[in-house]
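A.B. asks: Would you mind keeping the following structure in view while I ask a few things?
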Amino acid sequence: MTYVVIDNCIACKYTDCVEVCPVDCFYEGENTLVIHPDECIDCGVCEPECPADAIRPDTEPNMETWVEFNRKYAELWPVITQKKDPMPGYEERDGETGKLEKYFSENPGTGDQ
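Counted the way UniProt numbering counts, the sequence shown spans residues 1 to 113.
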């Protein structure tokens with residue numbers, strides 16, 4: 001089992017989860033985070049830290065696509081281990097549906113810079 005970030009994170013990008021991860025397996029895109037599924041140790045400490053309910057175990061139904069999505073971008077984006085402010089407008093976007101199609105950017109974030 002591994003944990004993955006789903007589209008609830010897009011355009012919100014709370015980073016409460018990255019500080020509690022014991023193996024630093026979160027990676028930062030311009031407007032979302034991902035978890036490297038091969039680095040995650042399945043401890044689950046990140047899941048309750050996410051205010052957007054964007055972290056899920058891969059054992060939930062239909063998570064295969066999200067596992068591959070997380071793997072792809074974790075290999076392209078910089079690691080993030082320190083909490084940052086959420087994105088501007090996150091209050092309005094939290095809970096919105098269809099965020100992958102509306103807002104997702106493939107651009108990397110800045111990581112821990």
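A virtual CB, placed ideally from N, CA and C, is assigned to each residue, including glycine.
Roughly how many angstroms lie between the CA atoms of Y14 and N8, to the nearest whole one?
C.D. replies: 10 angstroms
A.B. asks: Name, in chain order, the residues that DSSP records as bridge partners for E28.
C.D. replies: L33
A.B. asks: Expressed to the nearest angstrom, what Euclidean distance is found between the alpha-carbon atoms of E28 and H36?
C.D. replies: 11 angstroms
A.B. asks: Quick test of the definition: if touching needs 3 or more C-beta pairs under 8 angstroms, does the segment 54-66 touch the segment 104-113?
C.D. replies: Short answer: they don't touch.
A.B. asks: Alpha carbon to alpha carbon, how far is V5 from D85? Give it in angstroms, no decimals.
C.D. replies: 18 angstroms
A.B. asks: If I measure Cβ to Cβ from A54 and keep anything under 6 angstroms in the same chain, skipping five residues before and after, which residues do I get?
C.D. replies: V5, I6, N8, C9
A.B. asks: Since P48 sits in a beta bridge, which residues does DSSP pair it with?
C.D. replies: Bridge partners of P48: none, in fact.
A.B. asks: Output needed for R71: all residues of its chain with C-beta closer than 6 angstroms, excluding positions within five of it in sequence on either side, in chain order.
C.D. replies: P37
A.B. asks: By Cβ distance, which residues of its chain are closer than 7 angstroms to V20, with the 5 residues on each side in sequence left out?
C.D. replies: V45, C46, E49
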